[in-house]
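Beneath this line is the structure, given in structure tokens, with notes to follow.
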Amino acid sequence: MRLVTPQPGRLMLLDTASMYFRAFFGVPEIKGPDGTPVNAVRGLLDFISRLVGDYRPTDLVCCWDNDWRPQWRVDLVPSYKGHRVVKERDGAPDVEEVPHPLEVQIPIILEVLDAFGITVVGKDGFEADDVIGSFAAQAQQPVDIVTGDRDLFQLVDDKRDVRVLYIARGVGKHERVTNDWVREKYGIDARQYADFATLRGDASDGLPGVAGIGEKTAATLLGRFGDMDGIIAASLDPDADLGPGPRSKIKAAAAYLEVAPTVVAVARDIDLGSPDTRLPREPRDLARVAELGARYGLESPVTRLTEVLCT
Numbered sequence: 069m070r071l072v073t074p075q076p077g078r079l080m081l082l083d084t085a086s087m088y089f090r091a092f093f094g095v096p097e098i099k100g101p102d103g104t105p106v107n108a109v110r111g112l113l114d115f116i117s118r119l120v121g122d123y124r125p126t127d128l129v130c131c132w133d134n135d136w137r138p139q140w141r142v143d144l145v146p147s148y149k150g151h152r153v154v155k156e157r158d159g160a161p162d163v164e165e166v167p168h169p170l171e172v173q174i175p176i177i178l179e180v181l182d183a184f185g186i187t188v189v190g191k192d193g194f195e196a197d198d199v200i201g202s203f204a205a206q207a208q209q210p211v212d213i214v215t216g217d218r219d220l221f222q223l224v225d226d227k228r229d230v231r232v233l234y235i236a237r238g239v240g241k242h243e244r245v246t247n248d249w250v251r252e253k254y255g256i257d258a259r260q261y262a263d264f265a266t267l268r269g270d271a272s273d274g275l276p277g278v279a280g281i282g283e284k285t286a287a288t289l290l291g292r293f294g295d296m297d298g299i300i301a302a303s304l305d306p307d308a309d310l311g312p313g314p315r316s317k318i319k320a321a322a323a324y325l326e327v328a329p330t331v332v333a334v335a336r337d338i339d340l341g342s343p344d345t346r347l348p349r350e351p352r353d354l355a356r357v358a359e360l361g362a363r364y365g366l367e368s369p370v371t372r373l374t375e376v377l378c379t
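69 is the number of the first residue of the sequence shown in this note's numbering; add one for each residue after it.
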């Protein structure tokens with residue numbers, strides 16, 4: 069499968085939901101002429117304009133959550149994102165808790181991106197993280213991943229020039245995450261981050277972690293034993309250099325550690341077909357862009373993005 073043609077430049081992968089949630093909560097309420105809230109749309113478009121202007125990627129994909137809580141992950145760890153569910157559905161993704169003023173903007177976001185010709189890619193049964201992971205693993209050029217989600221640090225790969233542009237403090241104050249950055253922050257290598265997150269847990273994703281194992285202990289264990297398999301093997305080896313406290317905690321969490329690494333690991337082998345990832349040099353449908361801009365009061369952000377694309 070060929071996702072990206074080898075060429076100079078970079079592929080930029082946007083964790084779209086992470087960005088429009090951030091825009092919704094970070095941009096004051098703005099309404100279009102018909103009263104529709106549009107702050108998330110405006111914010112996302114301005115984020116894209118800034119990132120494209122600063123980094124000039126040759127390729128760009130808005131990665132999408134076709135399923136924000138895949139059943140196969142829930143089957144392994146039932147608490148996975150359970151606190152965000154407002155309605156369970158058989159045979160379809162559960163309904164996520166999303167503020168109504170944001171929910172009504174998501175179709176508008178898709179309309180505007182389509183008019184610009186910016187590629188949106190999702191995969192049924194998978195999260196945007198998995199789409200990002202598969203693009204990043206299969207890309208034939210350097211990659212920038214834009215997200216506010218720490219889980220994607222596991223994809224950082226200096227040898228392949230895959231880095232994360234981490235927007236937790238805002239797009240304007242984003243940090244370029246490389247392996248050195250991860251090591252300085254957490255005391256581990258990026259390739260160990262998924263195991264680190266499994267041990268530590270993540271309340272925002274409903275992952276309990278190993279009781280009594282925090283970040284420092286998780287980093288120490290990974291530094292000593294390399295990965296989860298090594299840690300588990302050490303817990304079962306009476307001669308291993310593992311104290312009685314951590315040993316008992318790892319052994320007590322055996323059932324969790326058997327399944328959680330699969331939940332935390334981002335998929336890297338999804339077949340995404342061969343979408344055209346090239347960043348458009350101008351809007352695909354300029355008249356439609358103008359019409360959407362006028363309908364929703366988005367004239368300024370669509371003009372800015374148009375100018376950035378055409379520069």
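Just so it is clear, CB atoms sit at the ideal spot from N, CA and C, and this is done for glycine as well.
Remember, it's a predicted structure, so these values are computed and weren't measured experimentally.
Residue i - DSSP class collapsed to helix/strand/coil
{"i": "Glu156", "result": "coil"}
{"i": "Thr315", "result": "A small fix is needed here, since residue 315 is Arg in this sequence, not Thr. Helix, per DSSP."}
{"i": "Thr330", "result": "helix"}
{"i": "Val370", "result": "helix"}
{"i": "Asp307", "result": "coil"}
{"i": "Arg218", "result": "helix"}
{"i": "Ile98", "result": "coil"}
{"i": "Glu350", "result": "coil"}
Whole-angstrom distance between residue j and residue i, CA atom to CA atom
{"i": "Asp198", "j": "Asp305", "result": "35 Å"}
{"i": "Tyr324", "j": "Asp219", "result": "18 Å"}
{"i": "Leu373", "j": "Asp263", "result": "39 Å"}
{"i": "Trp249", "j": "Ser303", "result": "30 Å"}
{"i": "Arg426", "j": "Arg244", "result": "Residue coverage of the chain in this structure runs from 69 to 379, which leaves residue 426 outside it and unanswerable."}
{"i": "Leu360", "j": "Gly111", "result": "15 Å"}
{"i": "Asp217", "j": "Tyr234", "result": "8 Å"}
{"i": "Gly365", "j": "Val239", "result": "23 Å"}
{"i": "Gly190", "j": "Pro312", "result": "45 Å"}
{"i": "Gly121", "j": "Leu347", "result": "12 Å"}
{"i": "Arg157", "j": "Ala322", "result": "31 Å"}
{"i": "Phe221", "j": "Ile318", "result": "24 Å"}
Rounded distance between the beta-carbons of residue j and residue i, thought under 8 Å
{"i": "Val211", "j": "Leu79", "result": "5 Å"}
{"i": "Trp132", "j": "Thr84", "result": "6 Å"}
{"i": "Pro138", "j": "Gly193", "result": "6 Å"}
{"i": "Glu195", "j": "Asp135", "result": "7 Å"}
{"i": "Leu81", "j": "Ile200", "result": "5 Å"}
Identity of the residues DSSP links to residue i by a beta bridge
{"i": "Cys130", "result": "Leu82, Val188"}
{"i": "Asp225", "result": "Val230"}
{"i": "Pro105", "result": "Lys99"}
{"i": "Glu171", "result": "The partner list for Glu171 (beta bridge, DSSP) is empty, contrary to what the question assumes."}
Any non-hydrogen atom of the ligand ATP within 7 Å of residue i CB
{"i": "Val172", "result": "What this structure holds is no ligand at all, so the ligand ATP is not there to describe."}
Min CB distance residue i to chain D below 8 Å
{"i": "Arg152", "result": "The structure shown has no chain D; it contains just one protein chain."}
Count the C-beta pairs between the region 155 to 174 and the region 103 to 115 that are closer than 8 Å, then say yes if the count reaches three, no if not. yes
Sufficient close CB pairs (3 or more, under 8 Å) joining the region 108 to 128 to the region 361 to 373: yes
So, does the region 264 to 274 touch the region 282 to 296, judging by three or more C-beta pairs under 8 Å? yes
Contact between the region 87 to 94 and the region 149 to 156 is defined here as three or more beta-carbon pairs at a separation below 8 Å; is this criterion met? no
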